[in-house]
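Asks: The structure that follows is given in the form of structure tokens.
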Amino acid sequence: MTIPSFIKMKKRTKRKVVDIMSASEELVLLKDKEWSVIDEEACRVIEFEPYSRIIEEKIYGPKTEPYASVILECKKVQGRIRGYITHKIDFTHLWMIFEERGVKEDEEVIIFWTVKHYKHPWIMHPSAAFPKLIVNIHYKGYLELIAGEISKPKNRSWEDMGIPIVSLKPEVIE
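Numbering follows this note's numbering, in which position 172 of the sequence shown is assigned residue number 181; successive positions increment by one, without gaps.
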């Protein structure tokens, strides 16, 4: 798999990406500033595309490129969203869910990107050195339920829908 060439661009626009994006374009999230448009938002992972592999707990792949990309659906942002995974722990959690455990037909993967819930107060301005993804598996319909688009879960209790089946978060996040 190859990484798209636009990732290697040095110059970035200073305008807010969400403000200039049309419904047919793809919003690209690579750096923290770009990811911040979905800070603390629940996003459904539509597709996971690894550029690296984990074999016997060691990551093999390009050293200077992202580990993977994800196609996301978020209620806050319309259109296609591609997020690049650049932290080892974030990649490992996604790999564990998609490649090792698998996602059942009645489940969906929901991620939360955040820089606001670190355990230690000295992590006030987290850099790329810190993981930022919470990766959960919920029953299908979770995203619509929390967005208020459906009022009652089908075939599940409120508790079943609200509590993740699996939750993986970095140790540094509360």
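Even glycine gets a Cβ: it sits at the ideal position worked out from N, Cα and C.
Which word fits R62, buried or exposed, when buried means at least 16 other C-beta atoms lie within 10 angstroms of its C-beta?
Replies: By the 10 Å Cβ count, R62 comes out exposed.
Asks: Measuring only the C-alpha atoms, how far is Y151 from E65?
Replies: Their Cα atoms are separated by approximately 33 Å.
Asks: Would DSSP call F121 helix, strand or coil?
Replies: In this structure, F121 counts as strand in the three-state DSSP scheme.
Asks: Please list the terminal residues of the continuous alpha helix (DSSP H) segment that includes H102.
Replies: Where H102 is concerned, the enclosing alpha helix (DSSP H) stretches over K97 to W104.
Asks: Would you say E153 and I146 are within 9 Å of each other, going by their C-beta atoms?
Replies: No; because the gap between Cβ atoms is not below 9 Å, this pair is not in contact.
Asks: If we require 4 or more residues per run, which alpha helix (DSSP H) segments fall completely within the stretch 53-86?
Replies: DSSP runs (the alpha helix (DSSP H)) wholly in the stretch 53-86: none.
Asks: Give every residue of the same chain whose Cβ lies closer than 6 Å to the Cβ of L38, excluding the five residues on either side of it in the sequence, and list them in chain order.
Replies: The answer, listed in chain order, is W44 and G92.
Asks: Report the CB separation of E116 from C83 in whole angstroms; it is logged as a contact under 8 Å.
Replies: About 18 Å separates the two Cβ atoms, so there is no contact after all.
Asks: Give me the Cα-Cα distance between I94 and I119, rounded to the nearest whole angstrom.
Replies: Between I94 and I119, the C-alpha separation is close to 15 Å.
Asks: Going by DSSP in three states, S176 sits in which element: helix, strand or coil?
Replies: Reduced to three states, the DSSP call for S176 is strand.
Asks: Take D169 and list the residues in its own chain whose beta-carbon comes closer than 7 Å to its own, dropping the five residues that flank it on each side.
Replies: Hits under 7 Å: Y148.
Asks: In whole angstroms, what separates the C-alpha of P179 from that of S166?
Replies: P179 and S166: Cα-Cα distance of roughly 28 Å.
Asks: Can you give the beta carbon distance from D99 to P71, rounded, assuming they're within the 8 Å contact cut?
Replies: So it is not a contact: roughly 16 Å between Cβ atoms.
Asks: Could you have a look at L38 and say whether DSSP puts it in helix, strand or coil?
Replies: The answer is strand: DSSP assigns L38 an E or B state.
Asks: Going by DSSP, what residue range makes up the alpha helix (DSSP H) through G171?
Replies: Unbroken alpha helix (DSSP H) run through G171: W167 to G171.
Asks: Using a Cβ-Cβ distance under 9 Å, would E74 count as near chain C?
Replies: No chain C appears in this structure, which consists of one protein chain only.
Asks: My assumption, with CB atoms under 8 Å, is that P59 sits in contact with W104. Please give the rounded CB distance.
Replies: Confirmed, about 7 Å.
Asks: Between which residues of its own chain and L3 is the CB-CB distance below 6 Å, once the five residues before and five after are set aside?
Replies: Since the first residue shown for the chain is 10 and the last is 183, residue 3 is missing from the structure and cannot be characterised.
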